[in-house]
Structure formats: C-alpha cells, structure tokens
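Undergrad: In terms of this note's numbering, the sequence shown opens at residue 69 and continues consecutively.
Backbone N, C-alpha and C define an ideal beta-carbon position, used for all residues, glycine too.
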Amino acid sequence: MKELTVRPDIYRFEQCEDFAAQFALGKDDLIITNEYIFEPYFGSLHLPSQIIHLEKYGTGEPTDDMVEALYRDITRPYTRVVAIGGGTVLDVGKVFSLKNIHPVLKLYDNMDNLEREKKLVLVPTTCGTGSEVTNIAILSLVSLGTKKGLAVDCLYADQAVLIPRLLEKLPFKVFAASSIDALIHSVESSLSPKRNGTTLLFGYRAIEIILNGYREIAKNGPDARFSLLPEFLRASNYAGIAFGNAGCAAVHALSYPLGAAYRVPHGESNYAVFIGVMKNYMELKRDGPIDRLNTYMAALLGCKKTAVYGELEKLLSHLIERKPLSAYGVTRDEIVTFTDSVLANQQRLLANNFVPLDRDRILKIYRELY
Ligand SMILES: [Fe+2]
C-alpha cells in the first residue's frame, strides 16, 4: 500500500528575485496572481510574462464563471503556468495547466480522462490551503450552488515554491482564516481512515506549529504573527501533504454549502462547523485516533483531554469569531437543503470521515450549529 506521495519538488526562497531568476520567469509563462500581491514583490522585475490579475474576474473563492471569463481573455500561447497567490489563485492555476479546459463544467464529468498540457509552478501567499502540494482544485459551481473538487494526479504541480515574505501583507483576518484551514486539514487527515504513520508525522507537526503559534499570538497580540510566518507557511505545507494523502472529511463537506451559498471564506466556514463535527464524532466513538489526537492537543494547550475542544475554541477566539449559521443568514429550512447537498456532492470527502455520519447526524450537526 502506498504510504505517501509528494509530487512537486518543494523550493524555499527568501527573496522573490531569487525565485524569478532561478525559475527563469519569461515570455512563455502565464502568471496568474493578484495585483496587490504581485506588484510590490515582482513589479520592479518587469517580467515579460503574460500576467493575469484574478481579481479582475471577481472577488472571493474561484467559480466556474471566473475560469470561463479568464479563458476568453488569454491572448498568447503559454507553456507554463505560474500561480502566485492564495488558494483561489492556485486552484485556478491548476485548471489552466490542463488540456481542453473549456467548458469548465465538463471537466467534472470527465475527471478520469483529464490531461495535463502545461508545466505548473505554485507559489502560495497564504498559510492555509496547502494547495501547492495537493492534486485538488476546488471551484464553486454557480449552477449547482456548491463547491466541488477536481482531484486527479495531473493537477499536481511540478514545483511548489515557499517564499515566507509573500505573507507579510496578509491582513490578520485572512491570516487567521487561512491558518485555521490548515489546522483543520491536519486534524481531519489525522482522523481519516486513510491516515498512516507518515501522514500523521506531517499532520501532527503542523498542529504543533499552529497551536504554539496561536498561543504566542493570544499572549502577545496579532503583530506577533510576523516573526512566525515562515513557520506557519511550513505548517500549511505539511498539512497539505497530510491531507493530500489522507484526505479531508466532514468538516470540509459540511462547510461547502455555507461557503458557496453565503460566500463565506473557506477557513471561516470550516471553523463554523469544525467543533460541531468533532463533538459529534466524540458522541459516536471516543477511543482510538480521536483519543490520541485529543491527548496530543491537550498537551499543547496545557489542559485536560476532556476540556480540549473548549480550550481550542477559547484559543481560536483570539483569531476569529465563531458565528452560528443563523448569523450568516441561513434559514432553518436551508439546513435540509445543505444536508442533501452534502450527501449528493461531497461523497469524496465523506468517505474520509472518522466515523460514518448519516443524514440524521448531519442534520443534527447543522441544527446544533444553527
Ligand atoms: Fe481547506
């Protein structure tokens, strides 16, 4: 049985100039990025590449409509995609490395036959998605009202490039939501039936880095994050390796309808359902991997194992507010729609649940979080 795949070569640079020089960024490259990220760090290099600013096509998480509009605007042929940005940018970059990307919705019907056409370099500028090392591209499918992942090996990058200074301009809220996403990747992958000793190595280490970092931020305030960014970027990368192999599960599955319907940022919508899912797992099974995980997190948090979720929530409250579903505008009837959408569209994720969750249990979780 395969133990671990890390497909891209992973690079780390202190300076963006060194990355641009070593990777010989040039006219045959399609750079997908955001202007506010790209200009301060790469603008003075006057790269001859075709540069696309994704925000021109809409804000928030990537949609099939955004990909279609961008596709129409590409004017020059390219041999390599270089995506420099958050999860949205990286996931769109992955799609543009494929052959026959139009119409986008068709990619989902044809997942087993997708083909890669261009080289792909992914440079994350948040510390959350771990997308630089996974084979997953998530798009919001506007017509279906949910998010769906393309998950095929031809979506692995050739190179993942970590440049911690690119995270320096992240607003605190974005830092918080993205790093909570990384924490959830580590937790979900550590409970997945597909976990193994090697994925746990990456998942547990990511949890340690993130919780230690959060404790420092809770003690010294939001600015304490700046000196921790290299470590948070590493943790997000480790969490990406862990969940890229062992998978994410119910937290992501239940968060997708909320994220898609109310455009809640990914990390925040995950956090909205995170503790609710964990408590329900505990109602169904308290021993084995969840017990080991809770013991590990309790030691990091300096609390008793039985108090671990309360302590975790207290710590996370320094970073982000956890809101009930009703605060986003979700109605009680919609909980049923969300549940059916999860069952219809998220089986890829539900297969990795720590314990199976049936329809009644998913409804119960949403109701408790309402
Ligand atoms: Fe995620």
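What are the boundary residues of the alpha helix (DSSP H) that includes lysine 167?
TA: Position 99 of the sequence shown, counted from the first residue, corresponds to residue 167. From DSSP, lysine 167 is part of no alpha helix (DSSP H); its letter is neither H nor E.
Undergrad: According to DSSP, is aspartate 141 part of a helix, a strand, or is it coil?
TA: Start at 1 with the first residue of the sequence shown, and residue 141 comes out as number 73. Aspartate 141 falls in the helix class under three-state DSSP.
Undergrad: If you drop the 5 nearest sequence neighbours on each side, which residues of the same chain put their C-beta closer than 6 Å to that of proline 325?
TA: By one-based count along the sequence shown, residue 325 stands at place 257. Cβ neighbours of proline 325 beyond the five flanking positions: Thr214, Phe406 and Ser409.
Undergrad: Tell me the DSSP secondary structure of glycine 265 in three-state form.
TA: Here residue 265 refers to the residue found at position 197 of the sequence shown. Residue state, collapsed to three classes: helix.
Undergrad: Is there contact here, the stretch 364–382 with the stretch 231–246, by at least three beta-carbon pairs under 8 Å?
TA: no
Undergrad: Less than 8 Å between the beta carbons of leucine 207 and aspartate 159, yes or no?
TA: Residue 207 sits at position 139 when you count from the first residue of the sequence shown. Residue 159 sits at position 91 when you count from the first residue of the sequence shown. Yes, the pair counts as a contact, with Cβ atoms nearer than the cut-off.
Undergrad: Can you tell me whether aspartate 159 sits near ligand 1, meaning its C-beta is under 7 Å from at least one heavy atom of the ligand?
TA: Counted from its first residue, the sequence shown places residue 159 at position 91. Checking every heavy atom of ligand 1 against the Cβ of aspartate 159, none is found closer than 7 Å.
Undergrad: Taking 7 Å as the cut-off, is the beta-carbon of cysteine 316 closer than that to any non-hydrogen atom of ligand 1?
TA: Start at 1 with the first residue of the sequence shown, and residue 316 comes out as number 248. The answer is yes for cysteine 316.
Undergrad: In its own chain, which residues sit with a C-beta less than 7 Å from the C-beta of glutamate 276, not counting the 5 before and 5 after it?
TA: Position 208 of the sequence shown, counting from 1, holds the residue named residue 276. Here the set comprises Leu368.
Undergrad: How big is the Cα-Cα spacing for lysine 124 and isoleucine 142?
TA: Taking the first residue of the sequence shown as position 1, residue 124 is located at position 56. Taking the first residue of the sequence shown as position 1, residue 142 is located at position 74. Near 13 Å, if we compare the C-alpha coordinates of isoleucine 142 and lysine 124.
Undergrad: Could you have a look at serine 260 and say whether DSSP puts it in helix, strand or coil?
TA: As a first step, residue 260 must be located in the sequence shown, where it is residue number 192. Coil.
Undergrad: For isoleucine 309, which residues of its own chain have a beta-carbon under 8 Å away from its beta-carbon, when the five flanking residues on both sides are left out?
TA: Within the sequence shown, the letter at position 241 stands for residue 309. Contacts found: Leu72, Val74, Gly198, Val201, Thr267 and Phe270.
Undergrad: Please confirm whether isoleucine 152 and isoleucine 99 have their CB atoms less than 8 Å apart.
TA: In the sequence shown, the residue the question calls residue 152 occupies position 84. In the sequence shown, the residue the question calls residue 99 occupies position 31. Contact flag set, yes.
Undergrad: Mind checking which residues open and close the beta strand (DSSP E) that includes tyrosine 79?
TA: Residue mapping note: residue 79 aligns to position 11 of the sequence shown, counting from 1. For tyrosine 79, the enclosing beta strand (DSSP E) has its first and last residue at 77–80.
Undergrad: Taking DSSP as the reference, what is the three-state secondary structure of aspartate 97?
TA: If you number the sequence shown from 1, residue 97 lands on position 29. Looking at aspartate 97 - three-state DSSP - the assignment turns out to be strand.
Undergrad: Taking the CB atoms as reference points, tell me whether valine 255 and leucine 361 lie closer together than 8 Å.
TA: Counting from one through the sequence shown, the residue named residue 255 turns up at place 187. Counting from one through the sequence shown, the residue named residue 361 turns up at place 293. Yes, the Cβ-Cβ distance between valine 255 and leucine 361 is below 8 Å.
Undergrad: What first and last residue would you give for the beta strand (DSSP E) that runs through glutamine 118?
TA: Translated into the one-based positions of the sequence shown, residue 118 becomes position 50. 118–121 is the span of the beta strand (DSSP E), which, as asked, contains glutamine 118.
Undergrad: Just to confirm, does threonine 197 get its C-beta within under 7 Å of one of the non-hydrogen atoms of ligand 1?
TA: Stepping through the sequence shown from its first residue, residue 197 is reached at position 129. Yes, the Cβ of threonine 197 comes within 7 Å of a heavy atom of ligand 1.
Undergrad: Name the residue from Glu284, Ile278, Ser257 and Gly378 whose alpha carbon lies nearest to the alpha carbon of alanine 318.
TA: Reading the sequence shown from its first residue, position 250 is the one you call residue 318. The shortest CA-to-CA distance from alanine 318 to any of Glu284, Ile278, Ser257 and Gly378 is the one to Ser257.
Undergrad: So, using beta-carbon positions, are isoleucine 388 and tyrosine 339 closer together than 8 Å?
TA: Here residue 388 refers to the residue found at position 320 of the sequence shown. Here residue 339 refers to the residue found at position 271 of the sequence shown. Closer than 8 Å, so yes.
Undergrad: Run the proximity test for asparagine 280: is its beta-carbon closer than 7 Å to any non-hydrogen atom belonging to ligand 1?
TA: For this step, residue 280 is matched to residue 212 along the sequence shown. No.
Undergrad: Which word fits arginine 427, buried or exposed, when buried means at least 16 other C-beta atoms lie within 10 angstroms of its C-beta?
TA: Position 359 of the sequence shown holds residue 427. Exposed, because fewer than 16 other Cβ atoms sit within 10 Å of the Cβ of arginine 427.
Undergrad: Would histidine 320 be called buried (16 or more neighbouring beta carbons within 10 Å of its own) or exposed?
TA: Taking the sequence shown and counting its residues from 1, one reaches residue 320 at position 252. Classification of histidine 320: buried, given that the 10 Å Cβ count is 16 or more.
Undergrad: Should aspartate 221 be listed as close to ligand 1, given that the test is whether its C-beta is under 7 Å from any heavy atom?
TA: Residue 221 sits at position 153 when you count from the first residue of the sequence shown. Not under cutoff, so the answer is no.
Undergrad: Can you tell me whether DSSP reads isoleucine 152 as helix, strand or coil?
TA: As a first step, residue 152 must be located in the sequence shown, where it is residue number 84. Strand at isoleucine 152.
Undergrad: Taking the alpha carbon of glutamine 415 as the reference point, which residue from Glu299, Tyr272, Ala219 and Tyr396 has its own alpha carbon closest?
TA: Along the sequence shown, one-based indexing puts residue 415 at 347. Nearest option by C-alpha distance: Ala219.
Undergrad: Report yes if the C-beta distance between phenylalanine 110 and isoleucine 252 is below 8 Å; otherwise report no.
TA: On the sequence shown, residue 110 is found 42 positions in, with the first residue counted as 1. On the sequence shown, residue 252 is found 184 positions in, with the first residue counted as 1. Contact: no.
Undergrad: Taking the alpha carbon of asparagine 313 as the point to measure from, which residue in Leu279, Leu115 and Ile204 has its own alpha carbon closest?
TA: As a position in the sequence shown, residue 313 is number 245, starting the count at 1. Cα-wise, what sits closest to asparagine 313 is Ile204.
Undergrad: Is it true that the CB of glycine 315 sits closer than 8 Å to the CB of lysine 262?
TA: Along the sequence shown, one-based indexing puts residue 262 at 194. Along the sequence shown, one-based indexing puts residue 315 at 247. Yes, the Cβ-Cβ distance between lysine 262 and glycine 315 is below 8 Å.
Undergrad: Short check: CB of glycine 281 to CB of leucine 296, under 8 Å?
TA: Taking the sequence shown and counting its residues from 1, one reaches residue 281 at position 213. Taking the sequence shown and counting its residues from 1, one reaches residue 296 at position 228. Yes, these two residues count as a Cβ contact at 8 Å.
Undergrad: Using the C-alpha atoms, what's the distance from phenylalanine 294 back to serine 211?
TA: Numbered from 1 along the sequence shown, position 143 holds the residue referred to as residue 211. Numbered from 1 along the sequence shown, position 226 holds the residue referred to as residue 294. Annotation: serine 211 to phenylalanine 294 spans about 40 Å, alpha carbon to alpha carbon.
Undergrad: Alpha carbon to alpha carbon, how far is serine 260 from glutamate 103? Give it in angstroms, no decimals.
TA: If you number the sequence shown from 1, residue 103 lands on position 35. If you number the sequence shown from 1, residue 260 lands on position 192. If I take the Cα positions, the gap works out to 38 Å.
Undergrad: Where does the unbroken alpha helix (DSSP H) through valine 319 begin, and where does it stop?
TA: Here residue 319 corresponds to residue number 251 of the sequence shown, with the count starting at 1. Segment 318–330, the alpha helix (DSSP H) holding valine 319.
Undergrad: Use the C-beta contact count for glycine 94: other C-beta atoms within 10 angstroms, 16 or more gives buried, fewer gives exposed.
TA: Translated into positions along the sequence shown, residue 94 becomes position 26. Exposed, since its Cβ has fewer than 16 Cβ neighbours within 10 Å.
Undergrad: If I follow the unbroken alpha helix (DSSP H) through threonine 363, where does it start and stop?
TA: Locating residue 363 in the sequence shown gives position 295, counting from the first residue. Counting along the chain, the alpha helix (DSSP H) containing threonine 363 begins and ends at 357–369.
Undergrad: Does the distance from the C-beta atom of aspartate 96 to that of arginine 148 stay below 8 Å?
TA: The residue labelled residue 96 in the question sits at position 28 within the sequence shown. The residue labelled residue 148 in the question sits at position 80 within the sequence shown. Yes.
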